[in-house]
Structure formats: structure tokens, C-alpha cells
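K.L.:
Counting in the working numbering, the sequence shown runs from 9 upward without gaps.
Just so it is clear, CB atoms sit at the ideal spot from N, CA and C, and this is done for glycine as well.
This is the structure I want to talk about, given as C-alpha cells.
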Amino acid sequence: MKLNDLKNITDDFKSSDLMPVLFTGHGSPMNGIEDNEFTEYWKKLGNEIAKPTAVLCISAHWLTKGTKITAMTAPKTIHDFGGFPQALFDVQYPAPGDPTLAQETASLIKSTHVGLDHEWGLDHGTWSVVRQMYPEANIPVLQLSIDYGKPAAYHYALAKELAGLRKKGVLIIGSGNMIHNLRMIAWDKAQLPEYGFDWAIELNAKFKELILNGNHEPIINYQHFGIAGQYAIPTPDHYYPLLYSLGLQNSKEQAAIFNDKAVMGSLTMTSVRIG
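Take a look at the structure:
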């Protein structure tokens with residue numbers, strides 16, 4: 009089956025038959041335990057969206073050679089950060105895995121081999137968001153890795169092969185940040201509710217315009233965003249999850265923006281709901 013064939017099949021589904029797709033700006037790991045405007049919206053989504061059969065997350069924090077999917081029955085909670093309060097390291101999110109769904113997902117992807125992984129688990133790009141949405145940890149959660157040696161267009165195309173999961177009630181979440189430059193963070197502005205450098209505000213507005221108009225081509229070719237793009241996306245690890253989410257949008261669906269704020273100058277929490 010060609011990618012266009014799979015897209016056409018998914019486009020034929022009624023929108024009401026498909027689970028939404030999310031891209032969440034996950035920001036600081038502290039969002040996994042804090043109550044703030046961003047996490048409150050995640051909780052709201054957890055209540056609004058029909059209970060999924062499973063969650064599949066593409067996190068900025070699992071970069072691999074080749075593509076892998078977690079396939080264990082009980083994924084561990086990964087604390088992949090440092091310098092935060094002990095309360096954050098104490099968090100456990102004991103959501104089950106789903107080895108059968110992992111195998112089914114791997115078989116959907118024809119463009120590359122997908123390895124069944126039994127070592128990784130759930131990193132903070134996943135659990136910091138999902139535990140706020142589904143605190144009871146009673147929904148299976150899987151992660152799909154990002155083959156970091158591949159270009160943006162590859163990831164956008166691969167996402168389309170996952171489209172059939174939406175018909176099965178799987179909630180797919182890309183978790184990263186559209187604008188993510190840790191080296192330029194304004195730590196002295198950390199307590200401000202909203203603060204963005206001019207280039208971050210400029211590019212954030214451009215991203216929203218393109219997403220709301222369904223114009224994905226410039227987003228895939230992000231290297232052409234000039235100086236603002238170089239500042240905003242010094243490395244594409246937090247950017248690629250956005251491409252997975254946008255790649256799953258079909259021609260009948262609209263996108264909506266939420267959590268649309270810049271923080272500490274060089275990060276944006278701007279997020280997208282599709283469907």
C-alpha cells in the first residue's frame with residue numbers, strides 16, 4: 009500500500025469516527041506535577057476527548073538510529089533530566105503497555121523496519137503530559153521513537169502510515185516544542201507568565217498561520233525560516249514531533265491552537281489539536 013492510498017482511506021472515514029491528534033508543547037518537566045494554565049488544559053482535553061483505547065506518543069526525548077516502538081507490558085517511568093526537585097524524581101506513572109498494539113503498529117509502517125523495544129519506557133515528554141490527562145494510569149501508553157538521522161519530510165510521511173490507528177481509538181500525541189532553544193533561555197524571566205523574544209513571537213505567529221491554513225510544506229522545509237528559524241530550531245529534536253501530528257491531518261479536518269504562549273524568551277508552549 010502506498011502512502012497516498014493510506015491517506016485516501018483515512019480521508020474517507022467520518023471525522024467523528026477518528027480520534028483527534030495532538031501536538032503538545034510539553035515545556036519543563038515540572039509541568040508533570042504542577043497545576044498551571046498549561047496542565048489545566050491537558051486535564052481538560054483528557055475529559056473532553058473520548059476515552060482512547062491507547063495512547064501513542066512521539067516524544068522529543070527518544071531519538072534513535074532507526075525506528076522503534078515500546079513493546080513491553082509495563083513500561084518504566086524514565087526520569088531523563090537533572091537539577092529538579094526530588095518530588096519530580098519520585099513520580100511513577102504505571103500505565104500499562106500493549107505488546108499486541110506495538111506489533112500492529114509496527115506492521116502498519118511499510119517504509120521502514122520498526123523494532124520492538126523492551127528497554128526504553130515512558131520519558132518525560134510522554135508522562136508529564138499523559139499523567140495530567142489520564143491520572144489513573146489505566147490506559148495503555150506506547151512510544152514511537154524518532155529516527156534522528158532522517159530529514160523532516162521523512163517523519164511527516166511516516167506519520168501518514170499511522171493513520172489507521174485513529175480508527176481504532178488510539179490517541180496519537182506528538183510531544184515537543186515548536187520553538188525550543190535552551191541556550192537562549194531568559195532565566196531572569198522565569199516567573200513572568202508570558203515572555204518571548206521578538207524572533208520567537210514572529211515565528212510562532214508564522215507557525216500558527218501555516219497550521220491553521222493547512223499549509224504544511226513550509227513547516228516541513230523549516231530551514232527556510234531564516235534567522236528566526238535558526239534561533240528557534242537549533243536542533244530539530246523538539247520540532248519533529250510536530251511533523252508527526254501534522255502528517256496525520258486529513259483533508260477534511262481543521263486544526264485548532266491551544267496553550268499559545270511563549271515562556272522564558274526562547275520556548276513556546278503553543279500546541280495543536282487536529283479533529
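Does the stretch 157 to 169 come close enough to the stretch 205 to 215 that 3 or more CB-CB pairs lie under 8 Å?
P.N.:
No, the stretch 205 to 215 is not in contact with the stretch 157 to 169.
K.L.:
Assuming the contact rule is C-beta atoms closer than 8 Å, glycine 123 and lysine 76 should be a hit. Round their C-beta distance to whole Å, please.
P.N.:
Confirmed, about 4 Å.
K.L.:
Just reading off the alpha helix (DSSP H) that valine 137 is part of, what are its end residues?
P.N.:
Valine 137 -> alpha helix (DSSP H) spans 132 to 141.
K.L.:
Taking just the CA atoms, how far does valine 137 sit from valine 99?
P.N.:
Their Cα atoms are separated by approximately 13 Å.
K.L.:
How many angstroms separate the CA atom of glutamine 257 from the CA atom of aspartate 25?
P.N.:
Glutamine 257 and aspartate 25: Cα-Cα distance of roughly 14 Å.
K.L.:
Take alanine 58 and list the residues in its own chain whose beta-carbon comes closer than 8 Å to its own, dropping the five residues that flank it on each side.
P.N.:
Excluding sequence neighbours, alanine 58 sits near Met27, Gly177.
K.L.:
What is the rounded straight-line gap between the Cα of isoleucine 117 and the Cα of methionine 186?
P.N.:
Approximately 25 Å, taken between the alpha carbons.
K.L.:
Using only the alpha-carbon positions, how far apart do serine 119 and alanine 167 sit?
P.N.:
Cα to Cα, serine 119 sits roughly 11 Å from alanine 167.
K.L.:
Kindly give me the distance between the Cβ atoms of alanine 110 and leucine 150, rounded to whole angstroms, as I take these residues to be in contact under 8 Å.
P.N.:
Yes, they are in contact, since the Cβ atoms of alanine 110 and leucine 150 sit about 6 Å apart, within 8 Å.
K.L.:
Going along the chain, which residues of its own chain have a beta-carbon closer than 7 Å to the beta-carbon of aspartate 13, five neighbours each way excluded?
P.N.:
Low local confidence applies: a pLDDT of 45 at aspartate 13 is under 50, so the model's placement there is unreliable, with the coordinate-based value given in what follows. Counting only Cβ-Cβ distances below 7 Å, and skipping sequence neighbours, we find nothing.
K.L.:
Does the beta-carbon distance from proline 148 to alanine 82 come in below 8 Å?
P.N.:
No, the pair does not count as a contact, with Cβ atoms beyond the cut-off.
K.L.:
Use the C-beta contact count for serine 274: other C-beta atoms within 10 angstroms, 16 or more gives buried, fewer gives exposed.
P.N.:
With 16 or more other Cβ atoms within 10 Å, it is buried.
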